[in-house]
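*Asks:* Each residue of the sequence shown is one higher than the one before, starting from 1 at the first, in full-length UniProt numbering. Glycine included, C-beta positions come from ideal geometry on N, C-alpha and C. One structure coming up, written as structure tokens, with questions to follow.
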Amino acid sequence: MLIVVHGGAAKSEAQYVPLKIAGVKQAVREGYQCLLDGGSALDAVERAVRCMENDPIMNCGYGSSLTSAGTVECDAIVMDGRTLNAGAVAGVQRIRHPISLARAVMDKTEHCLLIATGAEDFAREVGIELV
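This is the structure:
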């Protein structure tokens with residue numbers, strides 16, 4: 001088994017690099033544990049990304065960079081390489097785990113992308129956690 005997690009390409013201040021590396025390592029551990037527990041590759045991806053979305057150092061979820069208006073807008077996408085099915089969300093502001101919402105778009109709709117308030121309305125319908 002191989003798990004690869006990408007922690008972003010943005011330039012980081014030197015003081016944050018060890019924290020970002022620790023965050024990526026934790027995401028790999030969580031994804032790997034998911035596989036050991038019998039989860040699918042998609043489950044492992046979702047778990048690893050959720051870990052990074054919880055990390056205030058990462059530029060996703062909780063740690064997202066702010067827009068020029070001072071708000072958070074997150075995007076997420078997931079794809080099943082075997083079926084080429086995909087789900088994505090864009091411009092969501094109140095979703096705790098955008099990756100989980102993207103997965104729900106893939107698994108529970110005929111769409112591949114939902115944006116902004118439409119995505120957040122769908123999140124409420126399927127029980128995705130809001131913040």
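Where residue 3 and residue 31 are concerned, what is the direct C-alpha to C-alpha distance, given to the nearest angstrom?
*Replies:* The residue given as residue 3 occupies position 3 in the sequence shown. The residue given as residue 31 occupies position 31 in the sequence shown. Roughly 7 Å separates the two Cα atoms.
*Asks:* Taking residue 91 as the reference, which of 51, 49, 85 and 102 has the closest Cα?
*Replies:* Here residue 91 corresponds to residue number 91 of the sequence shown, with the count starting at 1. It is 102.
*Asks:* From what residue to what residue does the beta strand (DSSP E) around residue 51 run?
*Replies:* Here residue 51 is taken as the residue at index 51 of the sequence shown, counted from 1. Unbroken run through residue 51 is the alpha helix (DSSP H), 41-53; no beta strand (DSSP E).
*Asks:* Under 9 Å, do residue 61 and residue 50 count as touching if we go by C-beta distance?
*Replies:* The residue given as residue 61 occupies position 61 in the sequence shown. The residue given as residue 50 occupies position 50 in the sequence shown. Contact: yes.
*Asks:* With respect to the alpha helix (DSSP H) encompassing residue 34, which residues constitute its N-terminal and C-terminal limits?
*Replies:* Here residue 34 refers to the residue found at position 34 of the sequence shown. 17-36 is the span of the alpha helix (DSSP H), which, as asked, contains residue 34.
*Asks:* Assuming the contact rule is C-beta atoms closer than 8 Å, residue 12 and residue 25 should be a hit. Round their C-beta distance to whole Å, please.
*Replies:* Locating residue 12 in the sequence shown gives position 12, where the first residue counts as 1. Locating residue 25 in the sequence shown gives position 25, where the first residue counts as 1. In fact, because the Cβ distance is near 15 Å, the residues do not count as touching under 8 Å.
*Asks:* Does the contact criterion of 3 or more C-beta pairs under 8 Å hold for the segment 86-100 versus the segment 123-130?
*Replies:* Yes, the segment 86-100 touches the segment 123-130.
*Asks:* Inspect the beta-carbon positions of residue 52 and residue 23 and report whether they are closer than 9 Å.
*Replies:* The residue given as residue 52 occupies position 52 in the sequence shown. The residue given as residue 23 occupies position 23 in the sequence shown. For residue 52 and residue 23, yes; Cβs fall inside 9 Å.
*Asks:* Could you check if residue 87 is buried or exposed, using at least 16 other CB atoms within 10 Å of its CB as the buried criterion?
*Replies:* In the sequence shown, residue 87 corresponds to position 87, counting from 1. Its Cβ being crowded by 16 or more others within 10 Å, residue 87 is buried.
*Asks:* Classify residue 7: buried if its beta carbon has 16 or more other beta carbons within 10 angstroms, exposed otherwise.
*Replies:* As a position in the sequence shown, residue 7 is number 7, starting the count at 1. Buried: at least 16 other Cβ atoms inside 10 Å.
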